Amino acid sequence: MTHTPVGVDIAKHLIQIHFINEHTGEVVDKQLRQQDFLTFFSNREPCLIGMESCGGSQYWARELKKLGHKVRLMQARFVKAFVMGNKNDVMDARAIWIAVQQPGKGVAIKTEEQQSILVLHRSRSQLVKFRTAQINALHGMLLEFGETIHKGRSAMDKELPAALERMKMKLPPYLIAVLEDQYNRLGELDSLIDGIEKQLNSVARQDETCARLMEIPGVGPLIATAAVATMGDAAAFKSGREFAAYVGLVPRQTGSGGKVRLLGISKRGDAYMQTLLVHGARVISFAMKEPGQWITELKKRRPTNVAIVAMANKLARTIWAIAAHGRRYDKNFISIRPY
Numbered sequence: 004m005t006h007t008p009v010g011v012d013i014a015k016h017l018i019q020i021h022f023i024n025e026h027t028g029e030v031v032d033k034q035l036r037q038q039d040f041l042t043f044f045s046n047r048e049p050c051l052i053g054m055e056s057c058g059g060s061q062y063w064a065r066e067l068k069k070l071g072h073k074v075r076l077m078q079a080r081f082v083k084a085f086v087m088g089n090k091n092d093v094m095d096a097r098a099i100w101i102a103v104q105q106p107g108k109g110v111a112i113k114t115e116e117q118q119s120i121l122v123l124h125r126s127r128s129q130l131v132k133f134r135t136a137q138i139n140a141l142h143g144m145l146l147e148f149g150e151t152i153h154k155g156r157s158a159m160d161k162e163l164p165a166a167l168e169r170m171k172m173k174l175p176p177y178l179i180a181v182l183e184d185q186y187n188r189l190g191e192l193d194s195l196i197d198g199i200e201k202q203l204n205s206v207a208r209q210d211e212t213c214a215r216l217m218e219i220p221g222v223g224p225l226i227a228t229a230a231v232a233t234m235g236d237a238a239a240f241k242s243g244r245e246f247a248a249y250v251g252l253v254p255r256q257t258g259s260g261g262k263v264r265l266l267g268i269s270k271r272g273d274a275y276m277q278t279l280l281v282h283g284a285r286v287i288s289f290a291m292k293e294p295g296q297w298i299t300e301l302k303k304r305r306p307t308n309v310a311i312v313a314m315a316n317k318l319a320r321t322i323w324a325i326a327a328h329g330r331r332y333d334k335n336f337i338s339i340r341p342y
């Protein structure tokens, strides 16, 4: 069955579509309201609908698939190359229409449960940033009055009460009250972060794939749940190497005349998943009693950070292999490429 390519540019209230009518050859540029979007496609023959991966795209992709259409979500940087002329909704929809017909790796369409897990991760990440900002602000306020506290949350919990007692002798009460209030908010943030982590731990224990992933050294509930939700369907990736590239744990390339030079990793990919895997690789490299011969030998030949990123790449490949093939972790397993 031939699917008619359609480019869809999503916005909050209005959605722009672009396609060529398969029967008349007419070029259609149409703007729809959100409430009319699904109705328009419910009365059409199966289409190949392309959309940028952005806010709301996962929801629309699921709903369009229910109507029998094929949906391909694409990264914005992939679509950008096809924007011609001035940038507006019409030109964006046309660029998406061109891009959806090109070969390339799309973004996995996630279930509502997988999206819910990612929302928990984003909420936790945001709260951690708030807590860090609050701690840094307290350090700055105290420094204005000659009080210095060592780095780290435990040092603040230990040293701040004594610093406030010293400051009460020379500063107005309203300032001390404000500082105490700012410090107490750290406890509130701790409670919110702990609550989200407990929810993620519960999800990880109940999900069979997450339970198998947590058998991998360096992988805990955070990495396991984030990896499962980020992959969507593990079968969407052809190999662990492709998943590692999707996350962004592969080197940039530059080359000409048949000569290719590999550089360091870039900011492409999923920054949050990338961060978690690098932290997991650091745990394997420095915190484990037996990190393994592979990473031990690599650290002797390469700089520490390069070795850690390489370990994170290997960790991503291992995660994909276990999720895609339904296996359990075996540290003695040897992968053999089929001929």
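By the count of the working numbering, the sequence shown reaches residue 342 at its end, each step adding exactly one.
Using N, Cα and C, we set each Cβ at its ideal position, and we do this for glycine too.
Please read all numbers here as calculations on a predicted model, not as lab measurements.
A direct Cα-Cα distance of roughly 52 Å separates I311 from V30.
If you check the CB distance, G109 and L76 come in under 7 Å.
Residue range 176-209 is occupied by the alpha helix (DSSP H) that includes D197, with no beta strand (DSSP E) assigned at that position. Just so you know, the alpha carbons of Q209 and W63 end up roughly 28 Å apart. P49 is bridged by DSSP to nothing; it lacks a bridge partner. For F22, the enclosing beta strand (DSSP E) stretches over residues 17-23. For A327 against A238, the beta-carbon gap comes to about 6 Å, under 8 Å, which counts as contact. Counting only residues of its own chain and dropping the five nearest sequence neighbours on each side, R169 has a CB closer than 8 Å to the CB of E150.
Of the other Cβ atoms in all chains shown, 16 or more fall within 10 Å of the Cβ of G283; this residue is therefore buried.
Judged by pairs of C-beta atoms under 8 Å, the segment 263-283 touches the segment 241-255, as three or more such pairs exist. Distance from the CA atom of D184 to the CA atom of F148, rounded to whole angstroms, is 18 Å.
The residue from R285, E245, A229, E211 with its alpha-carbon nearest to that of R330 is E211. Bounds of the alpha helix (DSSP H) holding T299 are 296-304. Between V93 and G53 the beta-carbon gap is near 15 Å, outside 8 Å, which marks them as no contact. Contact between I152 and A166 holds: their C-beta atoms lie close to 6 Å from each other, under 8 Å. Taking 4 residues as the minimum length, the alpha helix (DSSP H) runs contained wholly in the segment 49-105 are 60-69, 79-83, 92-102, in order along the chain. With a contact defined as Cβ atoms closer than 8 Å, A230 and L216 qualify at about 6 Å.
Secondary structure of R125 (DSSP, three-state): helix. The alpha-carbon separation between L35 and K154 amounts to approximately 54 Å. For P224, the CB contacts under 6 Å within the same chain, skipping 5 residues up- and downstream, are L203, N204, A207 in chain order. Non-local beta-carbon contacts of Y186 in its own chain, meaning distances under 7 Å to residues more than five positions away in sequence, involve L141, L163 in chain order. Per DSSP, the beta bridge partners of V263 are G258.
Residue pairing by DSSP places P8 opposite L51 in a beta bridge. Taking a cut-off of 8 Å for Cβ pairs, the segment 185-200 and the segment 296-311 do not touch, as fewer than three such pairs fall below it. Shown here, D32 sits in a strand according to DSSP, grouped into three states.
In terms of CA proximity to V181, Q137 leads the group A158, D193, Q137. Counting every other CB atom within 10 Å of its CB across the protein chains shown gives A290 a total below 16, marking it as exposed. Annotation for I219: L318, T321, I322, I325, Y332 place their beta carbon closer than 8 Å to its own, counting only its chain and skipping 5 residues before and after. Contact between the segment 46-61 and the segment 71-90 is present: three or more C-beta pairs spanning the two stretches fall below 8 Å. I120 carries a helical assignment under DSSP once its states are collapsed to helix, strand and coil.
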